[in-house]
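Asks:
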Amino acid sequence: MSHNVVAMILAGGKGTRLGLLTKKMAKPAVSFAAKYRIIDFPLSNCANSGINTIGVLTQYEPTILDSYIGNGEKWGFNGVHALLTSCAPRQTDEGANWYKGTADAITQNIDFLDGLQPDYVLILSGDHIYKTTYNEMIDLHVETGADATISVIEVDPKEASRFGIMAVDKTDRITEFQEKPKKPKSNLASMGVYVFTWKVLRKYLMADKALDTNHDFGGDIIPAMLKDGLKLQAYRFKGYWRDVGTLDSLHEANMDVALNRSDLDLYGGYSTRIFTEDTYSLPHYLGREGSIKSSIANQGAIILGNVNSSVISNEVLIEEDAIVDRCVVMEGSTIKRGAKIRNAIVAPYTTIEAGVEVNMNNDEIILVGGKVVR
Amino acid sequence: MAKVYGFCNLHDAPRLGKLTEKRPIGTVSFLGRYGLMDFTLSNFSNSGIDRVGILVDRSLHSVVSHVRDGSIWVNNTKTGGQRLFYNENNPSSKFNTDVNNLLANRLHFEDIDADYVVIAPSFFIMSIDYRKYIEKHIDSGNKISLIYKKVKNAKEQFLNCDVVKMDNHLVKNFSINMGTAKEAAISLETFIFDYKTFVELVNKTREISTLFNIRDLVNYCATNGVYNVNAFSFDGYVAPVLTFDDFVKCSMDLLSYENRKELFKEDWPIYTTTHNTPPAQYGENANVSNSFVSNGSRVKGTVINSILSRDVIVEEGAEVRDCILFSGTKVGKGSKLQYVVADKNVKIKEVRNVKGDEDHFLYISFGANI
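Chains A and B supply the protein sequences, listed in that same order. Using my numbering, you'd call the opening residue of the first sequence number 814 and step up by one each time. Using my numbering, you'd call the opening residue of the second sequence number 51 and step up by one each time.
#1: Please report how far the alpha carbon of Asn345(B) lies from the alpha carbon of Gln904(A), in whole angstroms.
#2: What do you get for Val149(B), buried or exposed, if any count of 16 or more other CB atoms within 10 angstroms of its CB means buried?
#3: Where does Asn1174(A) land, buried or exposed, given buried means 16+ other C-beta within 10 angstroms?
#4: Kindly say whether Asn345(B), judged by its beta-carbon, lies nearer than 8 Å to any beta-carbon of chain A.
#5: With a threshold of 8 Å between beta carbons, is Gln1046(A) in contact with chain B?
#6: Would you give the residue range spanned by the beta strand (DSSP E) that Val818(A) belongs to?
#7: So the alpha helix (DSSP H) Ala272(B) belongs to, where does it begin and stop?
#8: If you draw a straight line from the alpha carbon of Phe262(B) to that of Thr147(B), how long is it in whole angstroms?
#9: Which class does Tyr183(B) belong to by DSSP, given the choice of helix, strand or coil?
#10: Listed in chain order, which residues of the segment 325-349 of chain B have Cβ atoms closer than 8 Å to some Cβ of chain A?
#11: Going by the CB atoms, is the gap between Arg850(A) and Asn326(B) shorter than 8 Å?
#12: Verify the CB distance criterion: does Asp1091(A) have a CB-CB separation below 8 Å to chain B?
#13: Where Ala860(A) and Ser1084(A) are concerned, what is the direct C-alpha to C-alpha distance, given to the nearest angstrom?
#14: For Tyr1098(A), go through chain C and note every residue whose CB falls closer than 7 Å to its CB, in chain order.
#15: For Ser862(A), which residues from the same chain have a beta carbon less than 7 Å from its beta carbon, with the 5 sequence-adjacent residues on both sides left out?
#16: Using only the alpha-carbon positions, how far apart do Ile963(A) and Leu937(A) sit?
#17: Between which two residues does the beta strand (DSSP E) harbouring Ile226(B) extend?
#18: What are the start and end residues of the alpha helix (DSSP H) that includes Leu292(B)?
#19: If you draw a straight line from the alpha carbon of Lys1022(A) to that of Thr324(B), how long is it in whole angstroms?
#20: Helix, strand or coil: how does DSSP classify Asn1175(A) here?
#21: Who are the near neighbours of Val1186(A) in its chain, counting only those whose CB is closer than 7 Å to its CB and skipping five residues on each side?
#22: Does chain A have any CB closer than 8 Å to the CB of Pro319(B)?
#23: Given a cut-off of 8 Å, decide if Pro931(A) and Val818(A) are closer than it, judged by their beta-carbon atoms.
#24: What does a CB cutoff of less than 6 Å around Lys200(B) pick up in its chain, not counting 5 residues either side in sequence?
#25: Starting from the beta carbon of Ala846(A), find every residue of chain B whose beta carbon is closer than 7 Å, and list them in chain order.
#26: Could you round the C-beta distance between Asp1253(A) and His1028(A) to whole angstroms and report it? I think they count as a contact, below 8 Å.
#27: Under 8 Å, Cβ to Cβ, is there at least one residue of chain A near Leu81(B)?
#28: Give the C-beta separation of Gly1151(A) and Asp1138(A) to the nearest angstrom, bearing in mind that I take them to be a contact with Cβ-Cβ under 8 Å.
#29: Can we say the segment 951-967 of chain A touches the segment 1030-1048 of chain A, given the rule of at least three CB pairs closer than 8 Å?
#30: For the beta strand (DSSP E) containing Trp1011(A), list its first residue and its last residue.
#31: Using a Cβ cut-off of 8 Å (strictly closer), state whether Phe416(B) contacts chain A.
#32: Kindly provide the ranges of any beta strand (DSSP E) runs that are 3 or more residues long and lie completely inside the segment 1047-1075 of chain A, ordered along the chain.
#33: Which of the three DSSP states, helix, strand or coil, is assigned to Asp1138(A)?
#34: Just curious, the beta strand (DSSP E) that Ala1110(A) is in, first and last residue?
#35: Which residues in chain A have a C-beta closer than 7 Å to the C-beta of Phe89(B)? List them in chain order.
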């Protein structure tokens, strides 16, 4: 990495659509693909991009996320010039404030960034699943002399009105930003991944601070920059990228891994490995009478029943004659003898009691937690 | 609280044939993800012994790449830590004893801030809380203690181990188990010393014999009444990995939950090196039963009664029965394996039958292409 880049990861949202998964925990700390937490993806992407200075902006229920981030050792950020730290809202001589928007979260940490003196700031979201390196995007930003570069992904034109859409010219310079437009001018959706030249961004953050806005990157900062005629470049991202903010999208993305049907290849590519926490448990054990097909399983699991098209996390116990179909079973959960469950996300440390049937005749994805009895 | 220093002793250890040709016994892969020495190091850590010396007899690189900086199992990386003791002078000679290793590293060995030392090998796999035995050692007032296990299968297992003869909980002497009796008190080659006594004895050893290992020293002390040696009994699960066949048996025994729960306890984690591998993946026609499968593995075929380490690939139509496959093994389409131990990165191409014997598994060397 030849450029001086600091990454700031937005990880403060409440994630209300994930129900009890985020009741006591920030969304980026939610389990994914049997072994990971969502934030492992942007953090590993940074490590693989040679970006070793990172602030994680936390706000909602940060305790578990903070302790998970630790000293950054899980992703290698405990080296000599590396820094991974969480930046929570704080009391200052201006008073005490929550983060009022994505941009405000950065504004309130201007002192942190000033201390680091980056040339460029990379803004990431803590709840996206994708494997990439950011180098090509940063290179494009530097080569085109842009003030801001926004990562975009091509979406189905019919779906475009659900996204923040970037209209571009022939050189992919952004001409207009449309938030959830009725008549989209392109099918390039913003991924919420931005590279800013720090001096420029700093100026706009300070200006926005004084205004009565939502203090949001997409809604306020980007439109203000466009209005002033700044150079905003689109970077076309190719590959697998998912926002896993809903139960359906979280389930779907987990299935993509279990069924090995996407190009989110967790098994290939030494240079884009996803790093995570390791648990001290035995490899998973598969019993004499059980079966497992079209699934992934993490160490520490014991599978004595039948598993199909599912994600089995660490320390999960699936007892004899249980059936688990199209489920995401998170850490420490038990599916007892003869229980049947389908199309579900099973929250950590849930118990499905013996013989109970859950969602067997329903195609809608449900979330179960606690103790599920007949 | 007494200050205790641990020594994980890789000297004076049995060889497991080709498995230990290029690595010491301590780093031999076990149950898919451990090295044998992880059990000893975890026992130290879980017993609150945070400073450990690893007495390395050979293949230093293999030990270093396994234990790394020790932060995997050390509680506090400032007040705790590990030091590798290695005798550079004569690594391949008969003088390469643990005692000579300590003497070659005398500056460090004599500078340890400890009241007691615990010395344990890596080839008896067990979960043991040393604190209990240290307390008994202190209470006894004796300077040396030995931990043994009463076994009932000394005719088949624990061969060539030391059989402890004792009198009123003190060691009289010990001699090699030739399999003459079913029941025997087998030395677990785990010793507790008062640190000062240990230093004094090690320094005197050459006057007695230049070939002595620590266990010979203990036997000498007990036999000649130099010091009283306590004999403490351990009654937990012990898997003795003394031969290649033992290695296979001890591994396969742990497929049974009854055995596994005796060794792996919830409050006694076994720490090991992490490799950042994704969860194991199973294809739509995978058929897996009574097996351990480690992360990073991808199974599309059949796996029965087997132990797969990380990053093992079993392709469609391949069959793996009663096998132990080390990391990176690839079993190609339609191949059949039975009674095989495959060392790291073995590649078995399409449609091959490779079969060992139920009583003596076939070993396939590191990196072999078949």
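Glycine residues also receive a C-beta, built at the ideal position from the N, C-alpha and C atoms. Small disclaimer: the values here were computed from a predicted structure and weren't measured.
Replies: On the basis of the coordinates in this document:
#1: Between Asn345(B) and Gln904(A), the alpha-carbon positions lie close to 44 Å from each other.
#2: buried
#3: So Asn1174(A) ends up on the exposed side.
#4: By this cut-off, Asn345(B) is an interface position.
#5: no
#6: 818-823
#7: Looking at the DSSP string, the run of the alpha helix (DSSP H) that includes Ala272(B) is 264-273.
#8: A straight line joining the alpha-carbon of Phe262(B) with that of Thr147(B) spans about 7 Å.
#9: helix
#10: Residues of the segment 325-349 of chain B with a C-beta atom less than 8 Å from some C-beta of chain A are Asn326, Pro328, Pro329, Ala330, Gln331, Tyr332, Gly333, Glu334, Asn335, Ala336, Asn337, Val338, Ser339, Asn340, Ser341, Phe342, Val343, Ser344, Asn345, Gly346, Arg348, listed in chain order.
#11: no
#12: yes
#13: 10 Å
#14: As a matter of chain content, chain C is missing from the structure shown, whose protein chains are A and B.
#15: Met814, Thr946, Tyr947, Asn948
#16: 11 Å
#17: 220-226
#18: Run containing Leu292(B): none; DSSP gives neither H nor E here.
#19: Straight across, the Cα-Cα distance linking Lys1022(A) with Thr324(B) is about 45 Å.
#20: coil
#21: Short of 7 Å from the beta carbon of Val1186(A), and not among the five residues preceding or following it, lie these beta carbons of its own chain, in chain order: Glu1166, Val1169.
#22: yes
#23: yes
#24: Contacts found: Ala235.
#25: Pro329
#26: Outside the displayed range of chain A (814 to 1187) lies residue 1253(A), so it cannot be described from this structure.
#27: yes
#28: Not quite, the Cβ-Cβ distance comes to about 14 Å (not below 8 Å), so this is no contact.
#29: Segments in contact, yes.
#30: Run containing Trp1011(A): none in the beta strand (DSSP E); it sits in the alpha helix (DSSP H), 1011-1022.
#31: no
#32: 1054-1056
#33: strand
#34: 1108-1110
#35: What Phe89(B) touches in chain A: nothing, since even the nearest Cβ is about 12 Å away.
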